[in-house]
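K.L.:
Next up is a structure, given as structure tokens.
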Ligand code: GLC
């Protein structure tokens with residue numbers, strides 16, 4: 075329901091009315107985004123805003139600065155065009171939620187929407203009206219630090235969760251005072267950077283662009299996202315920020331997107347070092363021609379746009395179209411109406427209980443149980459003493475993770491704080507053991523071992539620092555940094571029940587550490603309420619339900635490794651098998667595998683344990699031949715055969731055995747969270763149509779082809795009940 079919407083026709087009329095009055099300088103001003111506001115606002119900047127030098131400002135200093143900038147723009151300027159005030163509200167604003175890769179492990183679109191809604195309310199109250207989220211890049215490369223901002227490796231799941239974020243940020247009505255314009259970024263293919271090295275080249279055949287990287291952006295478009303952000307990277311040699319094919323042909327012509335496209339920080343002028351533009355004027359020309367409406371942070375549009383038009387290099391109609399897109403978003407956000415004034419004046423206090431509860435619930439649903447031997451977990455509350463060891467047991471900054479622009483660190487409750495609240499200070503010993511995650515010194519080991527000896531169970535908090543995750547944080551080595559492996563090896567010698575809790579923004583490789591631990595929880599960066607969430611999982615108040623949305627490699631040498639791979643002409647006969655070195659003549663040697671390690675992941679996509687057990691049985695298909703226009707119902711019984719009530723994320727996969735192009739061995743086509751009490755069982759059913767089985771072929775057409783399909787209802791991408799059906803013409 076759109077509370078304040080002016081009709082599209084009314085908006086277009088108002089746009090044309092304003093556009094007809096604008097000078098070329100004012101048009102180029104709308105196409106320019108200033109990178110920050112010095113606080114307090116300088117006299118020069120006041121004058122610039124007054125004369126319409128900028129259409130948007132990001133990273134403005136404070137709510138007061140934002141309100142003043144907006145006042146000048148709307149009251150003192152000639153045409154009164156309001157500013158878009160942007161900010162990276164990536165996983166929470168004041169209340170920091172788990173990082174997006176963690177959120178995705180909840181497979182819970184509704185909860186993720188709710189978390190984005192809270193973030194929008196907090197940010198809008200501070201005068202912000204545009205966030206640069208959701209990040210919808212697909213990646214299969216944990217070396218790339220920005221994997222932390224993704225929603226995992228799968229396009230179907232990323233589409234569902236990304237669309238939920240868009241709905242959360244924009245609300246039912248983008249013009250409501252507590253809504254933000256969302257931004258689908260980084261369009262497109264950024265996650266395919268060569269070598270996992272940030273900002274590097276991407277080479278993506280169009281067929282893969284359509285089947286893997288574009289779907290989440292189309293889903294965001296269909297969810298009504300108001301803005302897109304172009305990527306830094308080259309796509310097949312063309313910088314995404316100057317690429318007419320993706321920005322005009324696909325986004326505008328095929329998808330009918332009519333919001334605005336903003337460049338990523340400096341990506342317009344970076345076309346010069348890319349070797350695609352000769353100078354800033356050429357970069358501005360190629361950015362505007364390419365289809366980027368607004369230039370973030372740099373000033374080539376404003377500096378050179380006028381001359382480009384006057385020299386006839388750029389048609390004024392191209393400029394007008396860009397300005398229309400920008401004004402259209404401002405109208406849709408209600409910024410031209412008096413109501414927006416409330417946004418800048420409200421003050422954002424400390425996180426509310428509602429926000430903290432959502433943060434806690436989402437963290438609880440995001441933390442993945444990877445190992446639990448001898449039912450180490452859940453712990454009993456009557457346990458004597460606990461030893462909290464490791465640098466992440468009490469680190470607010472690491473718990474919040476990267477991309478925390480405005481988080482309220484005082485609201486963060488660490489595991490140490492939460493555990494001591496639960497058991498009392500005397501029963502929870504703490505010894506970091508290491509000064510930080512990179513510490514190679516063993517000086518702190520003695521105190522850590524003393525704490526472990528004095529305790530009845532050990533909680534070892536390991537991982538990678540938040541400062542090593544995110545943008546420009548590519549790693550060539552995914553092992554636990556510093557002396558962490560040595561620390562857990564020493565702790566393990568004591569024979570105490572030991573749980574490793576890992577903080578990280580990506581899959582790390584920690585095979586030995588996991589072997590030393592009796593139980594492993596992957597907590598990612600769980601946000602402000604990570605401590606209470608971990609505590610409630612440790613004592614069984616909550617039962618783990620999270621499942622991985624990214625494949626965990628055994629070693630960095632396996633990358634890229636992901637579940638929806640092609641079968642190849644020589645699939646490993648025994649993927650688990652690791653032949654001894656020098657077995658080139660071994661039949662296994664002539665298949666697509668490494669001969670020095672097992673060829674399966676450490677943990678597969680979709681994997682996650684519970685304290686209870688779920689058994690799948692009785693797979694049934696409603697028909698064995700699916701025709702166009704029909705629906706196939708695939709169902710199975712899922713029983714909770716353990717002693718705890720719990721949630722199970724049931725997954726649906728298909729495989730087309732033969733097609734005009736080789737197709738992946740599995741593709742996610744559905745998921746469902748079911749809650750089952752101990753002893754309860756439920757039939758879980760999914761429906762499939764021919765269109766659900768469509769793919770893009772080598773002619774870059776979206777098509778379905780008749781043939782035989784396998785179908786699974788499964789707990790993860792490596793197991794499950796398998797059936798078969800035919801797709802008829
Ligand atoms: C950064 C990031 C982008 C972010 C923008 C504004 O460089 O690439 O994701 O939204 O600049 O901070």
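Numbering (the working numbering), first residue to last: 75 to 803. Note that the Cβ used here is the ideal one computed from N, Cα and C, for glycine as well.
#1: Using the three-state DSSP reduction, which class does residue 777 fall into: helix, strand or coil?
#2: Under 7 Å: does the beta carbon of residue 411 sit that close to some heavy atom of the ligand GLC?
#3: I believe residue 603 touches residue 430 by the beta-carbon criterion, under 8 Å. Please report the beta-carbon distance rounded to the nearest angstrom.
#4: Whole angstroms are fine: how far does the CA of residue 536 sit from the CA of residue 287?
#5: Closer than 7 Å: is that where the CB of residue 204 sits relative to any heavy atom of the ligand GLC?
#6: Flag residue 159 as yes when its Cβ comes closer than 7 Å to any non-hydrogen atom of the ligand GLC, and as no otherwise.
#7: Only counting the same chain, and skipping five residues up and downstream in sequence, which positions put a Cβ closer than 6 Å to that of residue 202?
#8: Among 556, 320 and 592, which has the Cα closest to the Cα of residue 573?
#9: Could you give the uninterrupted runs of the beta strand (DSSP E) lying entirely in the segment 226-292, keeping only those of 3 residues or more?
#10: Judging by CA-CA distance, which residue of 129, 775 and 311 is the nearest neighbour of residue 274?
#11: Can you pull the DSSP bridge partners for residue 770?
#12: Note the first and the last residue of the continuous alpha helix (DSSP H) segment covering residue 120.
#13: Where does residue 105 sit, in a helix, a strand or coil, going by DSSP?
#14: Please report the straight-line C-alpha distance between residue 768 and residue 291, rounded to a whole angstrom.
#15: Check whether the Cβ of residue 309 sits closer than 7 Å to any heavy atom of the ligand GLC, and report yes or no.
#16: Find the nearest neighbour of residue 612 within the set 188, 685, 197 and 327, judged by alpha-carbon distance.
#17: How would you label residue 95, buried or exposed, when you count the other beta carbons within 10 angstroms and need 16 or more for buried?
#18: Hey, which unbroken runs of the alpha helix (DSSP H) at 4 residues or more fall wholly within the segment 342-429?
#19: Determine the direct distance from the alpha carbon of residue 369 to that of residue 143, and round the result to whole angstroms.
#20: Whose CA, out of 301, 349, 764 and 455, lies closest to the CA of residue 781?
#21: Below 8 Å between beta carbons: does that hold for residue 620 and residue 136?
#22: According to DSSP, simplified to helix, strand and coil, what is residue 75?
#23: Are at least three pairs of beta-carbons, each pair with one atom in the segment 664-678 and one in the segment 770-784, less than 8 Å apart?
#24: Considering only the alpha carbon of each residue, which of 532, 410, 681 and 468 lies closest to residue 804?
#25: By DSSP, does residue 760 sit in helix, in strand, or in coil?
#26: Taking only runs of the alpha helix (DSSP H) that begin and end inside the segment 174-209, which ones reach a length of at least 4 residues, in chain order?
#27: Looking only at DSSP bridge pairs, what is residue 149 linked to?
#28: Do residue 216 and residue 633 come within 8 Å of each other at the CB atom, strictly closer than that value?
#29: Measuring from the CB of residue 132, is there a heavy atom of the ligand GLC at a distance below 7 Å?
#30: For the ligand GLC, I want to know if residue 348 counts as a neighbour, meaning its beta carbon is within less than 7 Å of at least one of the ligand's heavy atoms.
#31: Helix, strand or coil for residue 743, going by three-state DSSP, please let me know.
#32: Sorry if obvious, but does the Cβ on residue 338 come closer than 7 Å to a heavy atom of the ligand GLC?
#33: Can you say whether residue 183 is buried or exposed, counting buried as having 16 or more other CB atoms within 10 angstroms of its CB?
#34: To the nearest angstrom, how far is the alpha carbon of residue 309 from that of residue 635?
#35: As a quick exercise: from 683, 363 and 567, pick the residue whose alpha carbon is nearest that of residue 594.
P.N.:
If we stick to the structure as given:
#1: strand
#2: no
#3: About 6 Å separates the beta carbon of residue 603 from that of residue 430, a gap short enough to meet the 8 Å contact definition.
#4: Linking residue 287 to residue 536 through their CA atoms gives a straight-line distance of about 32 Å.
#5: no
#6: no
#7: 159 and 161
#8: 592
#9: If you keep only unbroken beta strand (DSSP E) runs of at least 3 residues inside the segment 226-292, you get 257-261.
#10: Looking at the Cα atoms, 311 is the closest of the given residues.
#11: 776
#12: 117-124
#13: coil
#14: 17 Å
#15: no
#16: 685
#17: exposed
#18: 354-364, 374-384, 390-406 and 415-419
#19: 19 Å
#20: 764
#21: Not in contact: residue 620 and residue 136 (Cβ atoms no closer than 8 Å).
#22: Unreliable placement is indicated for residue 75, whose pLDDT of 41 sits below 50; no coordinate value is reported for it.
#23: no
#24: Here the chain covers residues 75 to 803 and nothing more, so residue 804 does not appear.
#25: strand
#26: 174-178 and 183-198
#27: In the DSSP output, where bridge partners are listed per residue, residue 149 has none listed.
#28: yes
#29: yes
#30: Every heavy atom of the ligand GLC is 7 Å or more from the Cβ of residue 348, so no.
#31: Strand.
#32: Yes, the ligand GLC has a heavy atom inside 7 Å of this Cβ.
#33: buried
#34: 22 Å
#35: 683
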